[in-house]
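Working notes for the structure below.
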Amino acid sequence: MDPRASSDSLFNLVTVLSRAMDMVSPLVMGHHKRTAWFAVNLAEKMGLRGKWIKEILFSALLHDIGAFSLQERLDTLQFEFENPHHHACLGYSLLKDLEFFSQEAKIILAHHTWWNPEREEEIGGALVPVASHVIHLADRVAILLGDQPPASGSVGVVLDAVTARNGTVFMPEAVDALRELSSEEGFWPGAFQPDLEGQLRLRIDPRLLDTGPVDLEPLARVLARIIDYRSHYTATHSAGVAAVSEILAGYLGFSAKNIKTMKIAGYLHDLGKLAIPAEILEKSGTLDQEEYHRVQDHVVQTRRLLEKVPELGFGIRWASEHHERLNGSGYPEHSAGDDIAFGSRVVAMADIFAAITEDRPYRKGLDRKQALRLLRRLTREKFLDPEIFQAVEDNFEELSRTRIRAQADCLEDYRFRLECFDEMESREFPASENL
-3 MDPRASSDSL FNLVTVLSRA MDMVSPLVMG HHKRTAWFAV NLAEKMGLRG
47 KWIKEILFSA LLHDIGAFSL QERLDTLQFE FENPHHHACL GYSLLKDLEF
97 FSQEAKIILA HHTWWNPERE EEIGGALVPV ASHVIHLADR VAILLGDQPP
147 ASGSVGVVLD AVTARNGTVF MPEAVDALRE LSSEEGFWPG AFQPDLEGQL
197 RLRIDPRLLD TGPVDLEPLA RVLARIIDYR SHYTATHSAG VAAVSEILAG
247 YLGFSAKNIK TMKIAGYLHD LGKLAIPAEI LEKSGTLDQE EYHRVQDHVV
297 QTRRLLEKVP ELGFGIRWAS EHHERLNGSG YPEHSAGDDI AFGSRVVAMA
347 DIFAAITEDR PYRKGLDRKQ ALRLLRRLTR EKFLDPEIFQ AVEDNFEELS
397 RTRIRAQADC LEDYRFRLEC FDEMESREFP ASENL
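Counting in the numbering used here, the sequence shown runs from -3 upward without gaps.
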């Protein structure tokens, strides 16, 4: 299949990423969807329609995309917390270069900005989007309610907390809309309905989703950055795997379409790691049994998430089978031999090649002789495919140059974002804004 997504599938991709981010802990499960529910209802009550609803929905589903660690996510669950703009700025920097998320990036950047008309609400020389204020209130309402349908009295607690900050922290029009909605049947329990994603999808004008196919590669590249930037140990790993997968596929005779799909599979092979706390990914000591099983489960989560985007075609299987081994010793299915797709074997080789040759903070990468010795042994023990190993051995230098170049570009981007968004944060947001 052509690795391009319809705009309708773009909605699926947003919900996939939103769901993956919330899988990091039961304490945050469903938070993005509940925030989206409140935001869309507030927006409609305020008279917003059309593209406003689409942008608010997408922004709400992704609003905490810049909170990489579990602790950062837990911090956002506090009604009042220090440095709220940190993750907003990083989320903006990750999304701003994607044409189809450019407006959502601006909304996310300001989604913790206090209502302050005396300062003319300027962020970077532009007015704070109304959508940012809507999501700010919706997010805090979702925090106050928690993960259970409201019990008797809890709605009053929410309204009291919001009213106390009306006109100083929260936009008055948004607060008025919340008050009106609070008496409507279905508003509060609607945030906890089983098919919440489906209900949210129905709130978007279908014509706004019919904008033609969307190239998945740029989005996959951003998703890879989100996956990798959560750990400085693997800050460029997926970029290396994607580059090696792409060039290997060319050596092995894949079609142009499947070469592109292979590259996307390389970018997304660790998507399920979004559900693993960065604290586990960066643990210096040995993982305990529970932590080890959680890391192994990332391939299962990768498949479940990517199955929501059928346009990926073979790429779904190639990405999610990369830990299977020809001798049946891999996981999660312990598949063996021909039961493992050839494309999956390519990603498996690219994953290991990148992992052993790239530098990590705790060790240097292997040189040509060391790497080939290890890969030859793994091939002899039927972990890896001999045909693919031969392609690696014949083209090692070019593969290494390709990996190094791709990871150097990614590392430059990584450092730029981490160094620059702090400057943007201090420039755009007063230190007093800690809600």
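Don't be surprised by glycine CBs; every beta carbon is placed ideally from N, CA and C.
Who are the near neighbours of D334 in its chain, counting only those whose CB is closer than 8 Å to its CB and skipping five residues on each side?
Nothing listed; no residue qualifies.
So N323 and E377 are supposed to be a Cβ contact under 8 Å. How far apart are they, rounded?
Yes, they are in contact, since the Cβ atoms of N323 and E377 sit about 7 Å apart, within 8 Å.
Exposed or buried, which one is D135 when buried takes at least 16 other CB atoms within 10 Å?
So D135 ends up on the buried side.
In the DSSP assignment, what residue or residues form a beta bridge with N162?
Beta bridge pairing from DSSP links N162 with F166.
Look at the Cβ atom of I222, then the Cβ atom of I104, and state whether they are nearer than 8 Å.
The Cβ atoms of I222 and I104 do not sit closer than 8 Å to each other.
Would you call the CB atoms of G236 and E354 closer than 8 Å?
Inclusion of G236 and E354 in the CB contact set at 8 Å is warranted, their separation being smaller than that value.
Could you give the distance in angstroms between the alpha-carbon of S14 and the alpha-carbon of R290?
So the alpha carbons of these two residues sit roughly 19 Å apart.
Which residues bound the alpha helix (DSSP H) around H265?
Looking at the DSSP string, H265 is not in any alpha helix (DSSP H), and its letter there is neither H nor E.
Does DSSP classify L44 as helix, strand or coil?
Note: L44 maps to coil in three-state DSSP.
Would you please state the rounded distance, in angstroms, between the beta carbons of A315 and L371? I believe it to be under 8 Å.
Contact between A315 and L371 does not hold, since the beta-carbon distance rounds to 21 Å and is not under 8 Å.
Residues bridged to R359 by DSSP?
According to DSSP, which records beta bridges pairwise, R359 is partnered with R356.
Please go through the same chain and pick out, in chain order, the residues whose beta-carbon is closer than 6 Å to the beta-carbon of K269, but skip the five residues on each side of it.
In chain order, I223 and H294 place their CB closer than 6 Å to the CB of K269, counting only its own chain and leaving out the 5 sequence neighbours on each side.
Per-residue burial, V153 [other beta carbons within 10 Å of its own, 16 or more giving buried]
With fewer than 16 Cβ atoms within 10 Å of its Cβ, V153 is classed as exposed.
Contact check, L145 vs P185 under 8 Å by CB: the rounded distance?
What sits at residue 145 in the sequence shown is Pro, not Leu. Contact holds; Cβ gap of about 5 Å.
In this structure, how does DSSP classify L123 when only helix, strand and coil are distinguished?
Look at L123 here: in three-state DSSP terms it is strand.
For G43, count neighbouring C-beta atoms within 10 Å of its own C-beta (all shown protein chains included) and say buried if the count is 16 or more, exposed if not.
Per the 10 Å Cβ criterion, exposed.
Where I276 and Q285 are concerned, what is the direct C-alpha to C-alpha distance, given to the nearest angstrom?
Going by the C-alpha atoms only, they are around 12 Å apart.
With DSSP collapsed to three states, give me the class of M19.
Coil at M19, not helix or strand.
Please say whether Y247 and A387 have beta carbons closer to each other than 8 Å?
Taking a C-beta distance under 8 Å as the contact criterion, A387 and Y247 qualify as a contact pair.
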